[in-house]
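Trainee:
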Amino acid sequence: MARLTGKVAIITGAGNGMGKAMALRFAEEEARIIVSDRDADNIQAVAAQINEAGGSAIADVTDVSDEEAVKQLVHTAVEKFGQLDILVNNAGIVDNFKTVVTATDELWDKVLKINLYAPFWACREAVPIMESQDGGGVILNISSVGGLFGGRGGAAYVTSKHGVIGLTKNITATYGVKGKVRANVLAPGSIITNIGTTITDPDPVGQKALQAAGGFDSPQGSGEDMANTALFLVSDESHFVNGSVVVADGGWTAL
Ligand SMILES: NC(=O)c1ccc[n+]([C@@H]2O[C@H](COP(=O)([O-])OP(=O)(O)OC[C@H]3O[C@@H](n4cnc5c(N)ncnc54)[C@H](O)[C@@H]3O)[C@@H](O)[C@H]2O)c1
1 MARLTGKVAI ITGAGNGMGK AMALRFAEEE ARIIVSDRDA DNIQAVAAQI
51 NEAGGSAIAD VTDVSDEEAV KQLVHTAVEK FGQLDILVNN AGIVDNFKTV
101 VTATDELWDK VLKINLYAPF WACREAVPIM ESQDGGGVIL NISSVGGLFG
151 GRGGAAYVTS KHGVIGLTKN ITATYGVKGK VRANVLAPGS IITNIGTTIT
201 DPDPVGQKAL QAAGGFDSPQ GSGEDMANTA LFLVSDESHF VNGSVVVADG
251 GWTAL
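Each residue of the sequence shown is one higher than the last, beginning at 1 in UniProt numbering.
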């Protein structure tokens, strides 16, 4: 039996980067997946790739900054596949390293909506569903080493990623200890994806902090590295890992 046989998963931001790598990896392990992204072309291509390889994926186009759409996404899994076992809140954006002085309200709102409100909205819908199932469910929220330290992103990004860790631990504390919902955080370091192309106007003060933290010379991982770590965290092999933050950064923050 494969490692996710019989499981139904949602992955947000699965049209590219590590979300796509997770979708392909989870499908290899026989999960049925709602692959979701705001980019319709990319997400349809990911679903087609999985289905052509003999897996089972449904493409969903959702912008996770839309609360109603996020709610619907969670329920789509139950409507289409009859259950929801795994929720991966992966969609996220960065913030050009804008500091507390240079971040605008508009940027703050945008980053917090996608990186923190969206996981909150999705978890709020998913937890009761998971609690109602005999087998419960697993949540994996994608934070960052920016969720543990101050100098790995701008003010809004770092705040949002710290928030994701607090949200996850609170879910474990309230629904996970001897409960049915297991929730963990994956905190990647520097991973080669397309997210770097969105850093178009970096704040020099924010970047100086990254440089001081060794960010210009940090080890670089792949989407597949994150997919394999995520696979462990959503599979039953990690059943005793709950409310944890798993850092996957090639040792960067051990320095
Ligand atoms: N790449 C890194 O170095 C790194 C490090 C730490 C944490 N992360 C986190 O990992 C996650 C994935 O990042 P990635 O590097 O794979 O990025 P990426 O840009 O390669 O992929 C992100 C995907 O999310 C989608 N997305 C963005 N905003 C969305 C929205 N509002 N609604 C729906 N989909 C949306 C994009 O279309 C894209 O397909 C993010 O949460 C990011 O913060 C990345």
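Cβ coordinates follow ideal geometry from the N, Cα and C atoms, glycine included.
(1) Quick check on this structure: which residue in I34, D236 and N42 has the alpha carbon closest to the alpha carbon of K80?
(2) With DSSP as the reference, identify every bridge partner of R32, one or two as the case may be.
(3) With DSSP collapsed to three states, give me the class of L140.
(4) From G223 to S190, what distance separates their C-alpha atoms?
(5) In this structure, does DSSP put A183 in helix, strand or coil?
(6) Is N42 near ligand 3, going by C-beta to nearest heavy atom under 7 Å?
(7) Cβ atoms of D37 and E13: under 8 Å apart, would you say?
(8) Between which residues of its own chain and L116 is the CB-CB distance below 7 Å, once the five residues before and five after are set aside?
(9) Express the C-alpha separation of I171 and residue 271 in angstroms, rounding to a whole number.
(10) So, are the CB atoms of R25 and N228 less than 8 Å apart?
(11) Note down, one range per segment and in chain order, each alpha helix (DSSP H) of at least 4 residues found wholly within the region 61-146.
(12) Is P119 near ligand 1, going by C-beta to nearest heavy atom under 7 Å?
(13) Would the C-beta of A91 count as close to ligand 1, meaning under 7 Å from any of its heavy atoms?
(14) What are the partner residues of residue 282, as DSSP defines its beta bridges?
(15) Can you give the beta carbon distance from A248 to G151, rounded, assuming they're within the 8 Å contact cut?
(16) Round the Cβ separation of N96 and R182 to the nearest angstrom and send it over; I've been treating them as touching at under 8 Å.
(17) In the DSSP assignment, find the unbroken beta strand (DSSP E) run with V247 in it and report its ends.
(18) What do you reckon, are the CB atoms on T76 and D60 nearer than 8 Å?
(19) What's the gap between the Cα of W108 and the Cα of I93?
(20) Distance check for S244 and A125, CA to CA, integer angstroms please.
(21) Pick from S143, G15 and D203: whose alpha carbon is nearest that of D63?
(22) Report yes if the C-beta distance between I86 and K180 is below 8 Å; otherwise report no.
(23) Please list the terminal residues of the continuous alpha helix (DSSP H) segment that includes H162.
(24) So is the beta-carbon of D63 under 7 Å away from any non-hydrogen atom of ligand 1?
(25) Spatial neighbours of I58 within its chain, please: CB distance less than 6 Å, with the 5 preceding and 5 following residues excluded, ordered by chain position.
Mentor: Reading from the atomic positions:
(1) I34
(2) V8 and S56
(3) strand
(4) 10 Å
(5) strand
(6) Inclusion of ligand 3 in the displayed structure is not the case, the ligand content consisting of ligand 1 alone.
(7) For the sequence presented, residue 13 should be read as Gly rather than Glu. Against a cut-off of 8 Å, the Cβ pair of D37 and G13 comes out as a contact.
(8) S160, G163 and V164
(9) Outside the displayed span of the chain (1 to 255) sits residue 271, for which this structure offers no information.
(10) yes
(11) 67-81, 105-112 and 118-132
(12) no
(13) yes
(14) Residue 282 is absent from the model: the chain starts at 1 and stops at 255.
(15) Incorrect: roughly 19 Å between the Cβ atoms, too far for contact.
(16) At roughly 34 Å, the Cβ-Cβ gap does not stay under 8 Å, so N96 and R182 are not in contact.
(17) V245 to A248
(18) yes
(19) 11 Å
(20) Checking the sequence, you will find Glu at residue 125 rather than Ala. Computed Cα separation, rounded: 21 Å.
(21) G15
(22) no
(23) A155 to I171
(24) yes
(25) I34 and K80
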